[in-house]
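For reference, the structure is listed below as structure tokens.
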Amino acid sequence: MEVLGDNNFQDEALLRPIGHFGKGFLLTVTILVGVVLWGIYAYSFQVRHGLGVTGLDRPVYWGFYITNFVFFIGISHAGTLISAILRLCQAEWRRSITRAAEVITVVVLFIGAANILLDLGRPDRALFVIFHGNLTSPLLWDVVSISTYLTGSTIYLYLPLIPDIAILRDRKARPQFLYRILSLGFTGTEKEKKRLHIAISIMAVIVIPIAISVHTVVSWVFAMTIQPMWHSTIFGPYFVVGAIFSGIAALILAMAIIRRAYHLQEYLKEIHFNNLGTLLLVMALLWFYFTFAEYLTTFYGGEPDEMAVFFAKVRGPYAPYFWAMVVTNFVIPFSILCNRKTRTVAGTVIASSSVIVGMWLERFTIVVPTLVNPRIPFPRGTYFPSWIEVSLMAASFAMFILLYMGFSKLFPIVSVWEMKEGREVSVAETAERVRTYLPGESEA
Amino acid sequence: MARWGMVIDLDKCTGCQACVVACKVENNVPVVNAEEAAKGREMLWIRVMPTVEGEYPRIKMRFMPVLCQHCDHPPSTKVCPVGATYKNPEGIVAQIYPRCIGCRYCMNACPYTIKYFNWFRPQREEIQQNYLNPEVSLRPKGVVEKCTFCHHRLIKAREQAAVEKRSLREGDFTPACVESCPARAMYFGDLDDPTSTVSKLSKSSRAFRLLEELGTEPKVIYLTEGEWHGSVGR
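Sequences listed follow chains A and B, in order. Quick note: the first sequence, position 158, residue 158 per the working numbering, numbers continuous. To get the working numbering, take the position in the second sequence, counting from 1, and add 1000.
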């Protein structure tokens, strides 16, 4: 029995990118592979000579790698969390975007975790974290929560992918063996579909607390120390908000590129960008609220060690980064997104690009200025990244895009069966649901 | 069991840095070249922190030797993901070099910024190779290192005491910095022994601890300047 099972299949456009490699695609891949290879060279250089080849010094022991780690883990909140919330809320407009979102999570988690490895002085001993784990270390909590999240979000990506893999198997797409194994013999019977729905719902509920825990724990790496402007109780929620914020921005950018490259204007419509743009606006406001609360509390308290860090950010050497962050994270996205007229595809893309830059700057201005201004002011440091760190950052981005592109050539980046289900089942179901909200109707 | 601690009398400290040199030699602490030192990558398990007070021409210099404070509640040990740094039963905060993964979390969590990282493989000239202290292990690149209160000397002192069939006496175990101080500004001993010099001095009205308010309970105790106001040109 075939999964699609009927003749009037309308979503041919979603399957078209699979196995078809255009000129633009190959060119992009070539460039990205070049960047990644350069990154591998830079890393081998670092391994050979030691971390001294970075711009790190005393007392700035953490720099670009940790900033990127926090940033990429933040981006991972795009997918699974947003997709799970939209699924649970039965937001029908989610159907064409959940897959694109979930892939971001799974791919970017690898990149984030890799940045921790880049930062280690002894990467050869990385597994000691498992063999000799120390439970009181927030870094160990990180390892636990990130690996749980990676497992959970991989399952959550995979489950809704099964029917689509089965479709590809039925259509004899290549590599056939891959689709045959991964489709788990799914044939699309009612029983199978019901079980799949239950499994997806369970996973959607489970991944939400895991996702929240991940970025909370990332913030605790800083907040659990007693260093000025790290030791803050709001860091947990502040980081989660920032993560969802940057995550939505990454999702909008990914969608815009997919829409353009794969000609999916019919599936990723203005309305999707408008809705996500509204979400992004909400997160921009939340982010501003948290930032304001955090900095005002520090300033009002006026504790000297905290003030050294505070002033380094607002009017010292880190002021350009700090104010650029305020502009890119709040001023630009807010002014674009608060207006229905500018909340278009182009508008949301500009806002999202700005937020991506801004959230990276936010992570940077959290990590570095505190280290530059330790409590015992000898020494006060400076930090400027070396070519190694810059190369590895570029390679991290390139690797992320490569893996994402690779996925979109193997599997449909917009869920085929969920579109079909939306068309055939949900339109009627939603109308029915709305009817039950109204007076005079029995509860469903 | 002893609780090892140090008292540094700032009234007596001349800022001569003999402790710095003694420590460096005793513990095989790598020497870095000028270029690296300018980046702030020099390694000094104990360093003399200068502060300048007043404005020219009425200037007053103060000196304060700072080493690992061997906190009773060290913020650095609990954050280590692999347990490479810990407080031993005698209160010495120790670092296991073969265990350290080089994540530098402990360095960031330490409010005294007193741990050091091996950014490169230590470069030693041939002459230095010949004068390495065989009792102190050499650190590879990529690990964190720090003051151990010359723990190797404790092991040796304890063995000696065992041979002589007696318990450790005051003065059996002294770190290199304390031993080398020409002004005798540094004292070392068991803080839990009420008769020891350090325990008596730690109760002095001049005694204070660095960043006491953080609750780290350092076992390095300073005696503030007060009895003798020495200043150049007054």
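Note that CB positions come from ideal geometry on N, CA and C, so glycine has one too.
Cα-Cα separation between residue i and residue j, rounded to whole angstroms
i         : j         : result
A/Ala398  : A/Ser391  : 10 Å
A/Ala394  : A/Ala254  : 17 Å
A/Gly133  : B/Val1082 : 5 Å
A/Met283  : A/Val70   : 18 Å
A/Phe310  : A/Tyr295  : 8 Å
A/Glu429  : A/Gly247  : 30 Å
A/Pro228  : A/Asp305  : 6 Å
B/Val1025 : B/Leu1191 : 27 Å
B/Arg1234 : A/Asn373  : Because the pLDDT of B/Arg1234 is 37, which lies under 50, any placement of that residue in the model is unreliable, and the question is left without a value.
A/Pro92   : A/Asn329  : According to the sequence provided, residue 92 of chain A is Glu. The question's Pro does not apply to it. So the alpha carbons of these two residues sit roughly 29 Å apart.
B/Ile1096 : B/Gly1102 : 11 Å
B/Leu1044 : B/Ala1037 : 11 Å
A/Leu51   : B/Pro1098 : 17 Å
A/Lys313  : A/Asn68   : 19 Å
A/Phe400  : A/Val107  : 6 Å
B/Thr1224 : B/Lys1012 : 10 Å
A/Gln46   : B/Cys1150 : 32 Å
A/Glu424  : A/Trp417  : 10 Å
B/Thr1148 : A/Gly301  : 37 Å
A/Gly236  : A/Val221  : 10 Å
B/Glu1035 : B/Glu1042 : 10 Å
A/Ser145  : A/Thr154  : 14 Å
A/Ile366  : A/Ala223  : 11 Å
A/Arg375  : B/Met1049 : 13 Å
B/Met1186 : B/Met1006 : 7 Å
A/Arg122  : A/Ile271  : 49 Å
B/Ile1092 : B/Val1220 : 11 Å
B/Leu1168 : B/Glu1217 : 25 Å
A/Arg48   : A/Ile388  : 12 Å
A/Phe384  : A/Thr298  : 26 Å
B/Cys1100 : A/Val331  : 44 Å
A/Ile210  : A/Thr216  : 10 Å
A/Gly440  : A/Glu432  : 13 Å
B/Lys1200 : B/Gly1189 : 11 Å
Own chain residues within Cβ distance below 7 Å of residue i, not counting five before or after
i         : result
A/Lys341  : none
A/Ser183  : Ile162, Ile165, Ala166 and Arg169
B/Glu1090 : Met1001, Ala1002, Arg1003 and Trp1004
A/Gly22   : none
A/Ile206  : Gly152
A/Val214  : Ile73, Ser145, Ile146 and Tyr149
A/Ala101  : Ala78, Gly79, Ile82, Ser83 and Leu251
Continuous alpha helix (DSSP H) stretch holding residue i: start and end
i         : result
A/Asp142  : Pro138 to Tyr158
B/Tyr1105 : Tyr1105 to Ala1109
A/Gly34   : Lys23 to His49
A/Asp164  : Ile162 to Asp170
A/Phe72   : Phe64 to Ile75
A/Val108  : Thr98 to Asp119
A/Phe299  : Glu270 to Gly301
A/Met399  : Trp387 to Leu410
A/Pro209  : Glu190 to Ala223
Close beta carbons around residue i, own chain, < 6 Å, minus the five adjacent residues each side
i         : result
A/Asn274  : Arg343
B/Cys1023 : Trp1045, Ile1046, Ala1176 and Cys1177
Opening and closing residue of the beta strand (DSSP E) in which residue i lies
i         : result
A/Phe239  : Run containing A/Phe239: none in the beta strand (DSSP E); it sits in the alpha helix (DSSP H), Phe235 to Ala261.
B/Cys1009 : The sequence shown places Asp at residue 1009 of chain B, rather than the Cys named in the question. B/Asp1009 -> beta strand (DSSP E) spans Trp1004 to Asp1009.
B/Leu1223 : Val1220 to Leu1223
B/Gln1123 : Element bounds for B/Gln1123: n/a, residue is neither H nor E.
A/Met307  : Note, A/Met307: premise wrong, no beta strand (DSSP E); alpha helix (DSSP H) at Pro304 to Val314.
B/Lys1087 : Thr1085 to Lys1087
B/Tyr1187 : Met1186 to Asp1190
B/Ala1094 : Val1093 to Gln1095
Residue i beta carbon near the ligand MG (any heavy atom closer than 7 Å)
i        : result
A/Phe177 : You won't find the ligand MG in this model; it holds no ligand whatsoever.
Close beta carbons around residue i, own chain, < 8 Å, minus the five adjacent residues each side
i        : result
A/Met1   : Note on A/Met1: pLDDT 49, under 50, position unreliable in the model; the coordinate value appears next. The residues are Thr187, Gly188 and Thr189.
A/Ile200 : Arg87, Tyr156, Leu159 and Pro160
A/Gln265 : Arg259
A/Arg171 : Leu15
A/Gly507 : Missing from the structure shown is residue 507 of chain A; chain A here goes from 1 to 444 and no further.
Notebook entry, point to check: Are at least three pairs of beta-carbons, each pair with one atom in the stretch 266 to 280 of chain A and one in the stretch 328 to 337 of chain A, less than 8 Å apart?
Noted result: The stretch 266 to 280 of chain A is in contact with the stretch 328 to 337 of chain A.
Item checked: Ordered list of alpha helix (DSSP H) runs contained in the stretch 1142 to 1167 of chain B, each at least 4 residues -> If we require 4 residues or more, the alpha helix (DSSP H) runs fully inside the stretch 1142 to 1167 of chain B come out as 1151 to 1163.
Check: Curious, which full-length alpha helix (DSSP H) runs of at least 4 residues does the stretch 322 to 352 of chain A contain?
Finding: Correct list: 332 to 337.
Next item on the list: Decide yes or no for the touch test of the stretch 1056 to 1070 of chain B against the stretch 1208 to 1216 of chain B: beta carbon pairs closer than 8 Å, at least 3 of them.
Entry: The stretch 1056 to 1070 of chain B, when compared against the stretch 1208 to 1216 of chain B, does touch it at the 8 Å Cβ threshold.
Next item on the list: Ignoring anything shorter than 4 residues or poking outside the stretch 1013 to 1082 of chain B, list the alpha helix (DSSP H) runs there in chain order.
Entry: Listed in chain order, the complete alpha helix (DSSP H) runs (minimum 4 residues) inside the stretch 1013 to 1082 of chain B are 1018 to 1026, 1034 to 1038 and 1075 to 1079.
Check: Do the stretch 98 to 112 of chain A and the stretch 70 to 80 of chain A touch if we need at least three Cβ pairs shorter than 8 Å?
Finding: Contact between the stretch 98 to 112 of chain A and the stretch 70 to 80 of chain A is present, because at least three Cβ pairs lie under 8 Å.
Next item on the list: Evaluate contact between the stretch 27 to 45 of chain A and the stretch 354 to 371 of chain A, counting only Cβ atoms and requiring at least three cross-stretch pairs below 8 Å.
Entry: Segments in contact, no.
Notebook entry, point to check: Would you say the stretch 1114 to 1123 of chain B touches the stretch 1135 to 1149 of chain B, given that touching needs at least three Cβ pairs under 8 Å?
Noted result: They touch, by the three-pair rule.
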